[in-house]
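Beneath this line is the structure, given in structure tokens, with notes to follow.
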């Protein structure tokens, strides 16, 4: 009697443990699926607009940086230009990846036109993103490209300051209304970095 009772008790305990393990495994699977779903869907229209617009905005800034190459310019200006290139190139890649993950289209940019046309300034802006704050027109870019070195520095600084101010405004909107945490964090970084660069460029312009 006692032996049979012990065997029955042990069997019941084993079945209970197995049932609990299966339940925990099922819950773990649900959590994993839920986490994956959250990571891919945790964004809103503001995040999409921020990534799409800022890709185009950054691309124009990099086009303006390209215009500093092979010019005899103040080393301090060249340093600012290189800082912009180093920061904004990777940011474009990051934001493009977000759009792809969200099933959104990665927009064409001014640099796509520039590369296709052998760096011709004609139709470089192509009205892409011209409604964004701080964006330069075709005429602005052509004027900058054609400017002699003596005039280029001040013109470049003036345009890039305006361009940065537009980017800061766009990033502040993402900070306020965005939902995707990495995008909001990038917006915060853009505000901090470009505000500092504006101050540096204004100092060069005033010197």
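Residue numbers (our numbering): 47 to 253. Idealized CB from N, CA, C, for every residue including glycine.
- Assignment of residue 148 by DSSP, reduced to helix, strand and coil, places it in the coil class.
- Burial of residue 233 is indicated by the presence of at least 16 other C-beta atoms within 10 angstroms of its C-beta.
- Assigned with DSSP and collapsed to three states, residue 116 falls in coil, not helix or strand.
- The three-state reading of DSSP puts residue 121 in helix, counting H, G and I together.
- Residue environment analysis places residue 214 among the buried positions, since at least 16 neighbouring C-beta atoms fall within 10 angstroms of its C-beta.
- Within a 10 Å sphere around the beta-carbon of residue 115 sit fewer than 16 other beta-carbons, which makes this residue exposed.
- Of the residues assessed, residue 201 falls on the exposed side of the cut-off, its CB having fewer than 16 other CB atoms within 10 angstroms.
- In this structure, the CA atom of residue 181 is about 15 Å from the CA atom of residue 240.
- Residue 248 sits exposed, since fewer than 16 C-beta atoms from the chains shown fall within 10 Å of its C-beta.
- In terms of Cβ geometry, residue 102 and residue 155 form a close pair [threshold 8 Å].
- The continuous alpha helix (DSSP H) containing residue 191 extends over residues 184–192.
- Residue 98 sits buried, since 16 or more C-beta atoms from the chains shown fall within 10 Å of its C-beta.
- Less than 8 Å divides the Cβ of residue 108 from the Cβ of residue 134.
- Inter-residue distance for residue 113 and residue 191 is about 6 Å (C-alpha atoms, whole angstroms).
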